[in-house]
Amino acid sequence: MIRSLSALLFAALAFGPSAQAGEDPVVVELFTSQGCSSCPPADALMRSLAAREEVIGLALHVDYWDYIGWKDHFALPGHTDRQQGYARVAGRSMIYTPQMIVAGREDVRGADAAALEKVIAAHRAAPDPVRVRARVAEGRVSVAVEPLERAVEGSVEVILVRYAPLRHSSIKRGENAGRSFDYANVVESWETLGMWDGRSAASFEAAYAGEASGVVLIQHTGPGAIIAAARVE
-11 MIRSLSALLF
-1 AALAFGPSAQ
9 AGEDPVVVEL
19 FTSQGCSSCP
29 PADALMRSLA
39 AREEVIGLAL
49 HVDYWDYIGW
59 KDHFALPGHT
69 DRQQGYARVA
79 GRSMIYTPQM
89 IVAGREDVRG
99 ADAAALEKVI
109 AAHRAAPDPV
119 RVRARVAEGR
129 VSVAVEPLER
139 AVEGSVEVIL
149 VRYAPLRHSS
159 IKRGENAGRS
169 FDYANVVESW
179 ETLGMWDGRS
189 AASFEAAYAG
199 EASGVVLIQH
209 TGPGAIIAAA
219 RVE
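Heads up, the sequence shown is in this note's numbering, so the first residue is -11 and it goes up one at a time.
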């Protein structure tokens, strides 16, 4: 973490006036698998979410259905760990696909677009407790974060997520054998840039190479609530 004069100047330039309620996009994480026969409708819903400015949709392919005949080549073990973490925090004993987690808090089953819209709208209506901005220059990403009204309590992580906006796959075996799909916002990597104290403006930096798109999440550890998010510009 960097707390230099230049870092504070970057923060000041990035933030400007205080944010209005609902200004930041709402993060929707879809836990899905190419080997899951009930997942394609949710994958299609993620494609529509990926086109919306007020939503950050992230598709996290899990690996626990690989044994039924098709290995999901977008899956990462860490995605399964993350889903299990959400279940543990919520007091659930099982994980499943497709599942959507909104802002690290609400659980939406399957591809229930109406239920999802209600949850997104509720989060959009709430005031933003934190402002975050992320910019790339010369192969590095700089992240500026600050509380808007009062200090944020608890342990908070600053996380960089890289994803592919569109991936295609033809399924050869398993429950979806013979079908082809386009998958939106397929997550490829996660990196914790550091911990934030939630009390004052701070800046974080990391290398940023390759063509994958990126977003920054400000999230309580657990995993817990995602209190702010921004696309990398």
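Positions of the beta carbon are idealized from the N, C-alpha and C atoms, including for glycine.
Start-to-end residues for the alpha helix (DSSP H) that takes in residue 185: Per DSSP, residue 185 belongs to no alpha helix (DSSP H) and is neither H nor E.
Residue 24 to residue 116 span [Cα, whole Å]: Taking C-alpha positions only, residue 24 is separated from residue 116 by approximately 35 Å.
Residue from 159, 218, 39 with nearest C-alpha to residue 56: Considering only 159, 218, 39, the residue with the shortest C-alpha distance to residue 56 is 159.
Own chain, CB closer than 6 Å to residue 143, minus 5 neighbours either side, in chain order: For residue 143, where only same-chain residues beyond five positions count, the Cβ hits under 6 Å are 209.
Simplified DSSP state of residue 67, which is helix, strand or coil: Under the three-state reduction of DSSP output, residue 67 falls in the helix class.
Exposure of residue 34, with buried meaning 16 or more beta-carbon neighbours within 10 Å: The residue in question, residue 34, is buried, as its Cβ has 16 or more Cβ neighbours within 10 Å.
Residue 67 classed as buried or exposed, judged by whether at least 16 other C-beta atoms fall within 10 angstroms: Residue 67 counts as buried, since at least 16 other C-beta atoms from the protein chains shown sit within 10 angstroms of its C-beta.
Length of the line joining the Cα atoms of residue 39 and residue 140: Looking at the backbone, the Cα of residue 39 and that of residue 140 are separated by about 30 Å.
Close-in-space but distant-in-sequence residues of the same chain around residue 58 (CB under 8 Å, 5 per side omitted): 22, 23, 159, 160, 161, 162, 163, 164, 165.
Own chain, CB closer than 8 Å to residue 82, minus 5 neighbours either side, in chain order: Counting only Cβ-Cβ distances below 8 Å, and skipping sequence neighbours, we find 75.
Which of helix, strand or coil DSSP assigns to residue 73: In the three-state reduction of the DSSP assignment, residue 73 falls in the helix class.
Reduced DSSP category for residue 135 - H, G, I as helix; E, B as strand; rest coil: The answer is strand: DSSP assigns residue 135 an E or B state.
Start-to-end residues for the beta strand (DSSP E) that takes in residue 14: Residues 14 to 20.
Residue 105, DSSP secondary structure in three states: It is helical.
Cβ neighbours of residue 212 in the same chain (closer than 7 Å, five flanking residues each side left out): If the five residues before and after residue 212 are omitted, its C-beta is found closer than 7 Å to the C-beta atoms of 77, 92, all from its own chain and listed in chain order.
Residue environment, residue 29, which counts as buried when at least 16 other CB atoms sit within 10 Å: Burial call: exposed.
Enclosing alpha helix (DSSP H) for residue 29 [first to last residue]: In the DSSP assignment, residue 29 falls within the unbroken alpha helix (DSSP H) covering 28 to 37.
Minimum C-alpha distance to residue 187 - residue among 108, 118, 36: Minimum Cα distance to residue 187 is reached at 118.
Delimiting residues of the beta strand (DSSP E) encompassing residue 49: Run containing residue 49: 43 to 49, per the beta strand (DSSP E) assignment.
Where residue 195 sits in the DSSP three-state scheme: Note: residue 195 maps to strand in three-state DSSP.
Exposed unless 16 or more other CB atoms sit within 10 angstroms - verdict on residue 197: Exposed, since its Cβ has fewer than 16 Cβ neighbours within 10 Å.
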